[in-house]
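**Student:** Sending over a structure as structure tokens; questions will come in a sec.
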Amino acid sequence: MDYIFDTSSAIVLLEKCVLRNQLLKFSKANKLYVPTRVLEEYVRGENVNPSDIADFKKVFSVINPTLEEVLLPYFNFDESSGEIWVISHALRNPGCGCVIDEEFGRNIATLFETKLTGAIGIIMELKRQKILSDDDLRQIRVKVRKSRFYLSKKLLRELDKICSSPQT
Amino acid sequence: MTLIIDYGLDSPARALLILALSMNDRTKKKEMDIVHIHKTIKYFEHLEQKETIDFSNFKLGGVSYELHENLETLQECDLVDKVGNKYVLTKKGEKAAKELLGTHSEEEIRKLKFAKLQINDLTQKETLFFMYMLIPETQKYSTEFAELYKQRNVLVPKLFLKGRINSTTAAKWSGVDEKTFLDSLQTSD
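In the order they appear, the protein sequences are chains A and B.
42 is the number that this note's numbering gives to position 42 of the first sequence; each next residue is one higher, with no gaps.
Whatever position you read off the second sequence (first residue = 1), add 168 for this note's numbering.
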């Protein structure tokens with residue numbers, strides 16, 4: 001399956017959950033894309049050093065989607081956010097799923113009926129494909145809880161549920 | 169097309185009123201109060217970048233006498249009913265909405281649906297603030313904006329957490345950078 005990631009989802013998985021190696025493994029069988037805009041947002045982040053950027057580019061293929069102008073009104077005619085590029089790509093490539101965690105972007109993806117998941121959905125997929133061990137899952141829970149990065153309580157509850165359920 | 173011809177529903181104001189009242193909001197409710205009716209249709213026009221309905225900037229921002237008058241006409245024609253302070257479609261109104269769906273493009277319907285999903289379940293304060301910020305020219309003559317703007321540190325996070333704006337917009341409206349805005353949220357529902 002192909003996935004295209006928004007910035008916050010990529011940060012949660014790569015930095016907060018420290019899943020670089022697992023995502024690299026996942027990317028062998030699945031195409032993981034980010035639009036250039038998301039890479040730009042990632043690079044602007046606090047304490048991002050050149051090796052982080054190199055890792056980011058190893059995990060994600062950076063692409064330049066064509067902007068779907070039909071989306072512009074929904075983003076108040078502003079193309080500066082990552083989500084508009086993520087959804088643009090998914091609209092042109094119906095097999096590709098959007099990975100978005102911010103509620104607003106998720107609402108727009110739903111409105112346009114694109115495939116949609118979030119960081120938690122990717123963690124579930126990593127677990128299903130046995131790329132994540134029980135120990136990895138325990139560590140993820142601790143790391144995310146300690147992180148100051150914004151995640152809604154609903155997402156945290158879902159993460160707790162995944163991390164506490166046994167591997168099948 | 170009987171109801172459309174009989175009740176002049178080819179008028180944009182009447183068509184949009186009927187269609188807006190036929191759609192679910194995020195809480196699966198169709199009913200709308202007068203403020204949310206005006207703001208939903210104003211938002212739709214903003215999305216369309218068209219001015220088919222006559223709106224003026226007044227105390228509560230963009231409001232329309234044209235919508236008000238047509239809403240009264242629809243009530244007189246028994247297409248719309250008023251229950252408490254909420255407007256709802258009658259059975260005849262619902263039938264008219266079905267006819268009207270066929271006369272509007274998929275994109276028009278999606279935009280109107282989105283406008284209602286975005287604001288109909290917001291409180292009046294959240295709705296007014298959202299619209300003032302989204303369409304700044306509606307701040308002119310407003311009696312409410314200055315007071316609401318003072319409350320932006322409460323209203324912007326609420327709109328973000330409810331998924332009505334993204335973090336880029338939230339940061340812009342809060343006057344901080346995106347990271348500062350997201351850090352300020354802590355972890356919440």
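All C-beta atoms in this analysis are idealised placements derived from N, C-alpha and C, irrespective of residue type, glycine included.
Since the model is a prediction, treat every value here as computed from it, not as a measurement.
Quick check: Pro119/A and Asp101/A, are their CB atoms within less than 7 Å of each other?
**Tutor:** According to the sequence provided, residue 119/A is Ala. The question's Pro does not apply to it. Yes. Within cutoff.
**Student:** Judging by CA-CA distance, which residue of Arg145/A, Leu13/A, Lys130/A is the nearest neighbour of Phe60/A?
**Tutor:** For the residues Arg145/A, Leu13/A, Lys130/A, the minimum Cα distance to Phe60/A belongs to Leu13/A.
**Student:** Run through chain A and tell me which residues come within less than 8 Å of Thr336/B, C-beta to C-beta.
**Tutor:** Those are Asp78, Ser80, Ser81, listed as they occur along chain A.
**Student:** Please tell me whether Asn107/A has its Cβ less than 7 Å away from any Cβ of chain B.
**Tutor:** Yes, contact with chain B.
**Student:** At a Cβ threshold of 7 Å, is Pro35/A touching chain D?
**Tutor:** Of the chains in the structure shown, none is chain D; the protein chains are A and B.
**Student:** On the DSSP bridge list, what partners appear for Ser224/B?
**Tutor:** For Ser224/B, which the question treats as bridged, DSSP gives the partners Val231/B.
**Student:** Spell out whether any CB of chain A is found under 7 Å from the CB atom of Leu215/B.
**Tutor:** For Leu215/B, the answer is yes, since a Cβ of chain A falls inside 7 Å of its Cβ.
**Student:** Check the DSSP bridge columns for Ser4/A and list the partner residues they point to.
**Tutor:** Correcting the residue identity first, residue 4/A is Ile in this sequence and not Ser. Note: Ile4/A sits in a beta bridge opposite Tyr33/A, Cys98/A.
**Student:** Return the bridge partner residues of Leu257/B from the DSSP annotation.
**Tutor:** For Leu257/B, which the question treats as bridged, DSSP gives the partners Val248/B.
**Student:** Report all residues from its chain with a CB closer than 6 Å to the CB of Ile205/B; omit the five preceding and five following residues, and keep chain order.
**Tutor:** Closer than 6 Å at the Cβ level, and outside the excluded window around Ile205/B, lies no residue.
**Student:** Are the region 156-163 of chain A and the region 248-263 of chain B touching by the rule of at least three beta carbon pairs closer than 8 Å?
**Tutor:** Short answer: they don't touch.
**Student:** Would you kindly report the start and end of the unbroken alpha helix (DSSP H) that includes Ser61/A?
**Tutor:** Note, Ser61/A: premise wrong, no alpha helix (DSSP H); beta strand (DSSP E) at 61-63.
**Student:** Have a look at the DSSP bridge pairing and note the partners of Leu116/A.
**Tutor:** DSSP lists Cys98/A as partners of Leu116/A.
**Student:** Helix, strand or coil: which one does DSSP assign to Asp345/B?
**Tutor:** If DSSP states are grouped into helix, strand and coil, Asp345/B belongs with coil.
**Student:** Taking Cβ-Cβ distances shorter than 7 Å, what residues in chain B pair up with Phe104/A?
**Tutor:** Residues of chain B passing the Cβ test: Gly331, Arg332, Ile333, Asn334.
**Student:** Are the CB atoms of Val34/A and Leu5/A within a distance shorter than 7 Å?
**Tutor:** Checking the displayed sequence, the identity of residue 5/A turns out to be Phe instead of Leu. Yes. Within cutoff.
**Student:** Starting from the C-beta of Asp154/B, find all residues in its chain whose C-beta is less than 7 Å away, skip the five residues before and the five after it, and write them out in chain order.
**Tutor:** Outside the displayed range of chain B (169 to 357) lies residue 154/B, so it cannot be described from this structure.
**Student:** Evaluate Glu15/A with the Cβ neighbour count: other Cβ atoms within 10 Å of its Cβ, from every protein chain shown; 16 or more gives buried, anything less gives exposed.
**Tutor:** Counting Cβ neighbours within 10 Å, Glu15/A comes out buried, since at least 16 surround it.
**Student:** Mind checking whether Val324/B and Ser342/B have CB atoms under 7 Å apart?
**Tutor:** Contact flag set, yes.
**Student:** Determine, using beta-carbon pairs with one atom in the region 99-118 of chain A and one in the region 80-89 of chain A, whether at least three such pairs fall under 8 Å.
**Tutor:** Segments in contact, yes.
**Student:** Identify, in the order they occur along the chain, each residue of the same chain with its Cβ nearer than 6 Å to the Cβ of Asp201/B, setting aside the five sequence neighbours on each side.
**Tutor:** Once the five neighbours on either side are set aside, the close Cβ partners of Asp201/B are Asn253, Lys254.
**Student:** Going by other Cβ atoms of all chains shown within 10 Å of its Cβ, with 16 needed for buried, is Gln286/B buried or exposed?
**Tutor:** It is buried - the Cβ of Gln286/B has at least 16 other Cβ atoms within 10 Å.
**Student:** If you compare alpha carbons, which of Leu184/B, Gln292/B, Glu219/B, Lys266/B is closest to Lys326/B?
**Tutor:** Nearest C-alpha to Lys326/B: Gln292/B.
**Student:** CB Phe328/B to CB Ala283/B, shorter than 7 Å?
**Tutor:** Cβ atoms of Phe328/B and Ala283/B: not closer than 7 Å.
**Student:** Look up Ser356/B in the DSSP assignment and say whether it is helix, strand or coil.
**Tutor:** The predicted position of Ser356/B is uncertain, since its pLDDT is 48 and thus under 50; a value taken from the coordinates is nonetheless stated next. In the structure shown, Ser356/B sits in coil (DSSP, three-state: anything other than H, G, I, E or B).
**Student:** For Leu71/A, which option in Leu32/A, His89/A, Met124/A, Leu156/A has the closest C-alpha, if you only look at C-alpha atoms?
**Tutor:** Among Leu32/A, His89/A, Met124/A, Leu156/A, the Cα nearest to that of Leu71/A is on His89/A.
**Student:** Counting only beta-carbon atoms, is Pro73/A nearer than 7 Å to chain B?
**Tutor:** At least one chain B Cβ lies under 7 Å of Pro73/A.
**Student:** By DSSP's criteria, Met200/B is part of a beta bridge. Which residues make up the other side?
**Tutor:** In the DSSP output, where bridge partners are listed per residue, Met200/B has Tyr255/B.
**Student:** Find out if the Cβ-Cβ distance for the pair Asn238/B, Arg182/B is shorter than 7 Å.
**Tutor:** Yes. Within cutoff.
**Student:** For Leu316/B and Leu296/B, which I take to be in contact (beta-carbon distance under 8 Å), what is that distance rounded to the nearest angstrom?
**Tutor:** 6 Å between Cβ atoms; contact.
**Student:** Should Phe297/B be flagged as near chain A, meaning a C-beta pair shorter than 7 Å?
**Tutor:** Cβ-Cβ to chain A under 7 Å: no for Phe297/B.
**Student:** Whole angstroms is fine: what's the gap from Phe223/B's alpha carbon to Ile186/B's?
**Tutor:** Whole-angstrom Cα-Cα distance: 18 Å.
**Student:** What is the DSSP secondary structure of Lys28/A, reduced to helix, strand or coil?
**Tutor:** Of the three classes helix, strand and coil, the one that applies to Lys28/A here is helix, per DSSP.
**Student:** Assuming the contact rule is C-beta atoms closer than 8 Å, Gly261/B and Leu280/B should be a hit. Round their C-beta distance to whole Å, please.
**Tutor:** Contact flag wrong, Cβ pair sits at about 16 Å.
**Student:** Could you say which of Asp2/A, Val18/A, Cys17/A lies nearest to Lys28/A if we only look at CA atoms?
**Tutor:** Closest by alpha carbon: Asp2/A.
**Student:** Taking only the alpha-carbon atoms, compute the straight-line gap between Arg106/A and Lys115/A and give it to the nearest angstrom.
**Tutor:** Cα to Cα, the separation comes out at about 10 Å.
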